[in-house]
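Chemist: Structure below; questions to follow.
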Amino acid sequence: MGINSSAKQVLAEIVSNKKVGAYHHMVFAVGDLANSSKPGNFVAISVGGESSQLVLRRAFAIYRTFDRGQSVGLLEIVVAPHGAGSTWLANQQPGSKIDLIAPLGTAFGIPTEPVRALLVGGGYGSAPLFGLSEVLKNRGCRVDMVLGASTAMKIYAPLDGKRSVSSLTITTEDGSTGKTGKVTDAMREIIEANEIDIIYSCGPMGMLEAINDIAEEFNLMHQCSIEESMACGIGVCMTCVLPIKGEDGVIRMLRSCIDGPVVAGENVIWKAKRTIPEGTWGA
Amino acid sequence: MFNYQTTLGQAEFENPIFTASGCAGSGKELSQFFELSQLGAVVTKSIMLKARSGRATPRMAETPSGMLNSIGLQGPGIDLFLENDVPWLRDQGATIVVSIAGESVEDYAVLARKIRAVPGISALEVNISCPNVENRGQVFACHPETARAAIQAVRRNIGGELPIIAKLTPDVTSIVEIAQEVVAAGADSLALINTVLGMVIDTNTMRPKLAGKTGGLSGPAIRPIAVRAIYQVHAAMPHVKILGMGGVASGQDAFELILAGASAVSIGTATFGNPMAAMKVKEELRNELVEHGFDSLREAVGYAHRSEGNL
């Protein structure tokens, strides 16, 4: 097996682009690569068009994929327009062709036994969790979900996504919807009440670190989708690294695009993120 | 029949499109997208004597038509590299140019000795110009004396066969002076240019954006600097072959470097935006040359230097 062995580069037509709260839900016709995408994988998208001064791809967690037969595969993402690249993408209309590479990176590990899973998402980090929730439900797992953001507009929780979970708790820091506070304020109660076995998370690094503290406190497995700024998304540039402990106990600077984005939370050296911790291989 | 072959020193290559060191790893990641044997050569990421973790993150900032990087030569070290990466590349049928970087003159000597007996390597790129080291004084290519010493150390230890390509920085007062030094010290050809030292300040945090503060600027933003450096060096030493690089993303860009005096062209940052960039440039450059009436790549090398009377 090569690196990213199921990844393909395609010119994909935008099928739809709808504004949802602060985000854009975009659907691309990607052909048969939709079959090989798993929850947790990401897509790297070229932005800005031919004469763009934006030279790097943008990485998005894949929200979900559909294989509609006859190679009419669809790939969906949730775009938060905040920089020049994501704003350009969010402004593209159905019918436009977009250069994308997918599926990339690691996927969420799926337990072989039915378990009780807690899925925690921050902002549009909720996107890959709905596809994961579908897969877990089909395996007979109970799925509870907590989504948090600064404000209601930044909660991404579409109706059909909500159907795939047993319970959905929403937190906002300004109290504009759901409980006032952070996702971590809501987690303990759910973990205890529903006897959670495993936590899956996706969101900003600070949030993931706080979730990992709770996972450790309750001695739970924690799979998280990490983020570091990437240049290439395919493993050649070495910019998106972070310190992760391997099975041999050695800390290495691993690429979040190849060895991630989904990693075991217990292996990430959270306290040393953005640094080279002492004892790292090659330090 | 169009002749796309080229040479650097005594080394011959089927076509002039290479990867740029540090922009293709050791080829494994790109092999998912095209066959590495299609490249003129894979230039591997500069390898050091020992395993190296590289610098803290953030290591990257996108800039207008370019990017700033401060990776710090993360890599497995020469022994693991020769054990794993070179045999794998040989199995792919790739033409291999190994790039090395040292922290001392002695490092370069040891690296050269380790590589000397390894089969299947076509040339050695000696990176004496990586900007992402803790001490700027360690950028060998910034000073004629240190540049000469590093290249001499490689020349004395590599044996007669393997061509040496010295990779230089444009961040000097006279790149021609440095180029002449390294050629006198035994470099067969030159790789021009490494990234240009730059900085980005984040206006939200009001601090430098990269953990390493400074970084190497690459991408189309630096192409005119590459064209200038190649032009100057080719004018001073037309017999020395140049591997040109700096912001090449299209066949037209590559053609510009060829006209300035490059005999081969490396694709760097463009690969980050498009893993197929090198294949695209290979196709487009060939078309560009044919359309301009050239029967071979060689005829076009340095063509911008011809005297006024010539067409």
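Just so you know, the sequences run in chain order A and B. The working numbering numbers the first residue of the first sequence as 3 and each following residue consecutively. The working numbering numbers the first residue of the second sequence as 4 and each following residue consecutively. Positions of the beta carbon are idealized from the N, C-alpha and C atoms, including for glycine. Quick caveat: nothing in here was measured; it's all calculated off a predicted structure.
Report the residue from SER125(B), GLY123(B), VAL129(B) whose alpha carbon sits nearest the alpha carbon of ALA3(B).
Modeler: A query on residue 3(B) cannot be resolved here, the shown segment of chain B reaching from 4 to 314 and no further.
Chemist: Can you list, in chain order, the residues of its chain whose CB lies under 7 Å from that of THR179(A), leaving out five sequence neighbours each side?
Modeler: ALA154, ILE157, ILE172
Chemist: Whole beta strand (DSSP E) runs in the segment 19-64 of chain A with 3 or more residues, listed along the chain?
Modeler: Segments of the beta strand (DSSP E) lying fully in the segment 19-64 of chain A: 25-31, 44-47.
Chemist: Quick check on the burial criterion: 16 or more other C-beta atoms within 10 angstroms. Buried or exposed for GLN225(A)?
Modeler: With 16 or more other Cβ atoms within 10 Å, it is buried.
Chemist: Which same chain residues end up closer than 6 Å to PRO83(A) when comparing Cβ atoms and leaving out the 5 residues on each side of it in sequence?
Modeler: Contacts found: THR89, ALA92.
Chemist: From this set, LEU165(B), ASN135(B), GLU287(B), PHE84(B), which residue's C-alpha is nearest ALA59(B)'s C-alpha?
Modeler: Nearest of LEU165(B), ASN135(B), GLU287(B), PHE84(B) to ALA59(B), Cα basis: ASN135(B).
Chemist: Let me check understanding here. Comparing Cα to Cα, which of GLN35(B), GLU32(B), VAL45(B) lies closest to LEU246(B)?
Modeler: VAL45(B)
Chemist: Taking GLY163(B) as the reference, give the member of VAL89(B), LEU300(B), ALA126(B), THR149(B) with the closest Cα.
Modeler: Distances from the alpha-carbon of GLY163(B) to those of VAL89(B), LEU300(B), ALA126(B), THR149(B) put ALA126(B) closest.
Chemist: Taking a cut of 9 Å between CB atoms, which residues from the segment 226-238 of chain A lie near chain B?
Modeler: GLU230, SER231, MET232, ALA233, CYS234, GLY235, ILE236, GLY237, VAL238
Chemist: For the segment 10-31 of chain B, list every residue whose C-beta sits within 7 Å of some C-beta in chain A, in sequence order.
Modeler: Of all residues in the segment 10-31 of chain B, CYS26, ALA27, GLY28, LYS31 have a Cβ within less than 7 Å of some Cβ in chain A.
Chemist: Helix, strand or coil for ASN214(A), going by three-state DSSP, please let me know.
Modeler: helix
Chemist: Using the Cβ count rule (16 or more neighbours within 10 Å means buried), how would you classify ARG210(B)?
Modeler: exposed
Chemist: Please classify THR114(A) as buried or exposed, where buried requires at least 16 neighbouring CB atoms within 10 angstroms.
Modeler: exposed
Chemist: Closer than 8 Å, CB to CB, is GLU65(B) near chain A or not?
Modeler: Look at GLU65(B): its C-beta is under 8 Å from a C-beta on chain A.
Chemist: Would you mind giving the Cβ-Cβ distance between THR22(B) and ALA281(B), rounded to the nearest angstrom? I have them listed as a contact below 8 Å.
Modeler: Cβ-Cβ separation between THR22(B) and ALA281(B): approximately 6 Å, consistent with a contact (criterion under 8 Å).
Chemist: Between which two residues does the alpha helix (DSSP H) containing LYS170(B) stretch?
Modeler: Unbroken run through LYS170(B) is the beta strand (DSSP E), 167-171; no alpha helix (DSSP H).
Chemist: Is the beta carbon of SER266(B) less than 8 Å from the beta carbon of LYS283(B)?
Modeler: no
Chemist: How would you call ASN207(B), buried or exposed, if buried means at least 16 neighbouring beta carbons within 10 angstroms?
Modeler: The residue is exposed, with fewer than 16 neighbouring Cβ atoms inside 10 Å.
Chemist: Using three-state DSSP, classify PRO245(A) as helix, strand or coil.
Modeler: PRO245(A): strand per DSSP, three-state reduction.
Chemist: Can you list the residues of chain A that MET279(B) reaches, using a CB-CB cut of under 9 Å?
Modeler: Chain A residues near MET279(B): GLN11.
Chemist: Going along chain A, which residues have a C-beta under 8 Å from ASN160(B)?
Modeler: Neighbours of ASN160(B) on chain A: none; closest Cβ ~24 Å, over 8 Å.
Chemist: Could you please give me the residues that DSSP links to PRO211(B) through a beta bridge?
Modeler: Answer is ILE204(B).
Chemist: How close, in whole Å, do the beta carbons of ILE228(A) and MET189(A) come, if the pair is a contact with beta carbons under 8 Å?
Modeler: ILE228(A) to MET189(A), Cβ: 18 Å. No contact.
Chemist: For the alpha helix (DSSP H) holding ASN290(B), just list the boundary residues, first then last.
Modeler: 280-294
Chemist: Measure the alpha-carbon distance for LEU131(A) versus SER7(A) and round it to whole angstroms.
Modeler: 23 Å
Chemist: Using a cut-off of 8 Å between C-beta atoms, extract the partners of ASN6(A) located in chain B.
Modeler: Result: GLU32, GLN35.
Chemist: If contact means a Cβ-Cβ distance below 8 Å, which residues of the segment 260-288 of chain B contact chain A?
Modeler: THR272, ALA273, THR274, PHE275, GLY276, ASN277, PRO278, MET279
Chemist: How big is the Cα-Cα spacing for HIS26(A) and LEU106(A)?
Modeler: 21 Å
Chemist: Taking buried to mean at least 16 other C-beta atoms within 10 Å of its own C-beta, is ARG62(B) buried or exposed?
Modeler: buried
Chemist: Between the alpha carbons of GLY281(A) and LEU120(A), how many angstroms are there, rounded?
Modeler: 33 Å
Chemist: Could you say which of THR9(B), LEU11(B), THR47(B), LYS31(B) lies nearest to ILE270(B) if we only look at CA atoms?
Modeler: Nearest option by C-alpha distance: THR47(B).
Chemist: Of all Cβ atoms in chain B, is any one closer than 8 Å to the Cβ of PHE155(A)?
Modeler: Note on identity: in this sequence residue 155(A) is Met, with Phe being the wrong assignment. For MET155(A), the answer is no, since every Cβ of chain B falls outside 8 Å of its Cβ.
Chemist: Just the Cα atoms here: how many angstroms apart are VAL304(B) and ASP298(B)?
Modeler: 12 Å
Chemist: Of the residues that make up the segment 217-229 of chain B, which ones have a beta carbon closer than 8 Å to any beta carbon in chain A?
Modeler: GLY222, PRO223
Chemist: Kindly list the residues whose CB is nearer than 7 Å to the CB of VAL108(B), restricted to its own chain and excluding five residues on each side of it in sequence; keep chain order.
Modeler: Residues ALA152, ALA153, ALA156 of the same chain have their beta carbon placed closer than 7 Å to that of VAL108(B), with the five preceding and five following residues left out of the count.
Chemist: How should GLU77(B) be labelled, buried or exposed, when 16 other C-beta atoms within 10 angstroms of its C-beta is the threshold for buried?
Modeler: Glu is not the amino acid found at residue 77(B); the sequence shown has Gln there. GLN77(B) comes out buried.
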